[in-house]
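Each protein sequence line maps, in turn, to chains U and H.
563 is the number that the numbering used here gives the last residue of the first sequence; the numbers go up by one with no jumps.
1176 is the number that the numbering used here gives the last residue of the second sequence; the numbers go up by one with no jumps.
Note that CB positions come from ideal geometry on N, CA and C, so glycine has one too.
It should be emphasised that the depicted structure is a prediction, and the values quoted were computed from it without experimental measurement.
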Amino acid sequence: MKPINRILIAGVLGATFALATSVNAQSGKEWTMYGGDYANTRYSSLNQINTKNVGKLRVAWIRSLGSLESQEATPVVVGDTMYVSTSSGPRYVVALNAKDGTIKWKYEPELPRDFMSTVCCGLASRGVAYANGRVFVTRLDAKMVALDAKTGKELWSTTVMEYQLGHSITSPPLIVKDLVVTGYAGGEYGVRGALQAYRQDTGEMVWKTHTIPGPGEPGNESWKGDSWKIGGGSTWYVGSYDPKLNLVYWSTSNAGPWGGHTRGNDSSDIGPYTNLHTASQLAFDGDTGKIVWHYQMTPADVWDYDGVNEAVLADLSIGGRKVPALMKADRNGFFYVLNRENGNLLSAEPFVNVNWAKRIDKATGRPVEDPAKRPQLKKWARNVCPNLFGGKNWEPMSYSLQTGLVYIPTFNLCMDIAGKEEEYEAGKFYLASEFDLDKADAGGHLSELLAWNPITQKRVWGIKEDLPILGGAMSTAGGLMFYGDPRGILKAVDAMNGAILWKFGVGTGIVQSPITYMADGKQYLAVVAGRIKGPPSFLGKIGQRVIDASAEGGLVVAFELVE
Amino acid sequence: MPVLKAGWSSLSNWWNNRITRRHFVTRRGKNILAVFSRSVRKKNTMNPTRYRGAIRPVAAIVLLTLLPFGTPKAEQSAPKAAVQNPFAGRADLVDEGRSLFNQYCSHCHGPNAVQGERPRDLRRLGIRYGDKAPAVFYETVSTGLTNVGMPSWKGVLTDDVLWRMFTYLQTVQTQP
């Protein structure tokens, strides 16, 4: 094929993809938000670094973040500035020169000494949001602040919730027109989840919508007694946004406490007690916060199949027509494709080994449970797969507009779990559950980076790993997919076939996906690294291997092509 | 004033030679708390359980027990090593203790106390704190170490539950 034809075909293909997915294609020269674009694809249209030359990637610069513990941030790059938040509060938010890593400013929040004791699973901060010259920072003491993007000076600060009652914020907010929208964590502390929107210029709250309906609202009858007041359904991860539909997609955590006898029938015969809207995908009106539609993945959850995983938006060709789709690799092990206009189920198939449910009933959208795998009060369910880390946890997947595949960091773990009696006390950890997660599933691997076709709902290829908790994925128009592992090895993979083309050890475990951006005409790859600390404790001996795989740290490492 | 100083020194030496230890005793009535002291004379050290010294009021301390902090003060000032597991050696409580531990503690301290972060490793309480381990355990779980993430469990876990957990932990201690 002549080069000119190749370019022509590439151009036509590129245009087709750009048209097909109006919600994507934001991540070009910059990386302006957590998931790369409003669709959370983590796909970049840059292709200077590609399958041909990726072997020539070398370190361009390194910056120490100044905190230890789990570094889970995705940096945001706007213009030539990179904004990164560190773990432990965040302890710092820094603005770096994206070309050489030199520091422009540093913000160090004032945090109360006791904020750590109401954070369940590691002192994470997954990054910041940027809009109109302001940087929005959410914190583990459940505050949100706005900073001047040029100077780092604090413009306003607001208390989203009281941290002493078990609320905290671990993920960046979402920019929706002139609002900044945030959720909060606390599903293990008996909180009642909500999504809250604030004016970007003043910090004044514009709307607040509880995920669990109150008395008189539809759905409140799905709770036994007063259990709705402390029923979880927190909003601790990130949202997606479709500007055309003006819908904000946010999903909700597990029901609380994990032990389900407190809030329903304690049986696979759920009856009315589905516990809305926990473990659900929700669509909110961007202006009013009203819930436009909901889809519950795990009714009457007792497995901690926390439903917060990111919604990835794409327009897919299904059955000969273009469908505005929402994709979700849920913790419960099923890969869901919904119509994002109305929440209708298009397909749902297991992407890992699932034994708690036989399938998802296409008519009702509900899982068909195996009653033996539902834990009850003082009754163990043994060898339930996946375990409560899920088929996938928060570590993000990527949808490549070039290959049409989704790249999913998955787990291969099972569990024993039982309900236990426990009294609720405000601000205290509240699970009412006993569990053993130190159980590998068959196959000899503990995780797999999986390439998945969302239209056929079939596995295409996978890279099996001997340690769990892989970093998130990113894909590019250079035919590449990148991910990191608990040893701190960053890998570049051929997105078509899974061949590993390049790898580099950054020295401490990687939990988040890398990003890519352009500065002065040159494409950079950057990754935040810092081995995870909290969640491995759940995993006993398996977790011990994750801890032993690398030292704690806190780094941003940027790479460039060197001839 | 060298003379006075010498005089005091002689007096205190005499007292120290005479007394091996001072033992404070509290007597609580309905509305008063009185503190007495017993002294043990040196010649009695061969038989330390037998107190020869007369009980005498050291100070006229009369506290209104209407003040709620009045009484626990005496308990708090007890030496830490004296805190002991009331269920020590109770093999019949180990399984229940393990279950309670896994319910309340395993998300940070690992299922069956197995996890990889040494500062959180409760299999090393014995190595780390020796005979003070029960006291350190009790104090830490009750009041928390909130600046490193350990919450206070007071009001959630009763002493009974705490010591059942500890009875389990005593069976999984790493040997030095």
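Taking 9 Å as the CB threshold, R1120/H lines the interface with chain U. In this structure the region 223–241 of chain U lies against the region 179–194 of chain U, because at least three pairs of beta carbons, one per stretch, are closer than 8 Å. Residue environment: Q200/U is assigned as buried (16 or more neighbouring CB atoms within 10 Å of its CB, all protein chains considered). In this model, I510/U and T410/U are separated by some 15 Å (Cα to Cα). Below the 8 Å Cβ cutoff, chain H contributes T1146, N1147, V1148 and G1149 as neighbours of M116/U, in chain order.
G1097/H has a beta carbon lying at 9 Å or more from every beta carbon in chain U. A363/U counts as exposed, since fewer than 16 other C-beta atoms from the protein chains shown sit within 10 angstroms of its C-beta.
A contact between stretches requires three or more CB pairs, one per stretch, nearer than 8 Å, and the region 257–269 of chain U fails this requirement with the region 287–294 of chain U. The C-alpha of G1144/H lies about 21 Å from the C-alpha of Q1173/H.
Residue pairing from DSSP places P409/U in a beta bridge opposite L449/U.
For N342/U, the number of other beta carbons within 10 angstroms of its own is below 16, and it is reported as exposed.
Nearest in C-alpha terms to M33/U, of all of W105/U, A131/U and F115/U, is A131/U. By the CB criterion at 9 Å, S85/U and A73/U fall inside the cutoff. Residue-level contact by beta carbon fails for V1094/H and chain U, as no gap is shorter than 9 Å. The bridge partners DSSP lists for N47/U come to none. Pairing S251/U with L276/U gives a Cβ-Cβ distance that is not under 9 Å.
Residues of the same chain with a CB within less than 8 Å of the CB of A325/U, apart from the 5 flanking positions on each side, are L313, A314, D315, L316, I318, V337, L338, N339, R340, L346 and P454 in chain order. Counting only unbroken stretches of 3 or more residues, the beta strand (DSSP E) elements lying wholly within the region 89–119 of chain U are 93–97 and 103–107, in sequence order.
At the C-beta level, P272/U and R331/U stay beyond 9 Å of one another. The beta strand (DSSP E) runs lying completely inside the region 520–549 of chain U and spanning 3 residues or more are 522–529, given in chain order. Relative to the Cα of P299/U, the nearest Cα in the group G190/U, G260/U, K322/U and L431/U belongs to G260/U.
Around K420/U, the beta-carbon contacts reaching into chain H at under 7 Å are Q1103.
Nearest Cα to T274/U within the set E221/U, D242/U, S253/U and Y305/U: E221/U.
Counting other Cβ atoms within 10 Å of its Cβ, T202/U stays below 16 and is therefore classed as exposed.
Of I212/U, I542/U, L555/U and G553/U, the smallest CA-CA separation from G1116/H is found for I542/U. The region 414–423 of chain U makes contact with the region 362–381 of chain U, as at least three CB pairs between them are under 8 Å. Here the C-alpha atom of A1082/H lies approximately 8 Å from the C-alpha atom of A1135/H. F284/U and A558/U have their C-alpha atoms spaced approximately 37 Å apart. In this structure, F429/U sits away from L539/U, with a CB-CB distance that is not shorter than 9 Å. Taking C-beta atoms as the reference points, T476/U and A495/U count as a pair closer than 9 Å. For L147/U, the closest Cβ of chain H is not nearer than 9 Å. The alpha-carbon of E1096/H is positioned some 32 Å away from that of G307/U. In this structure the region 390–402 of chain U does not touch the region 427–444 of chain U; the number of beta carbon pairs closer than 8 Å is below three.
Going by beta carbons, L467/U and L449/U fall outside the 9 Å limit.
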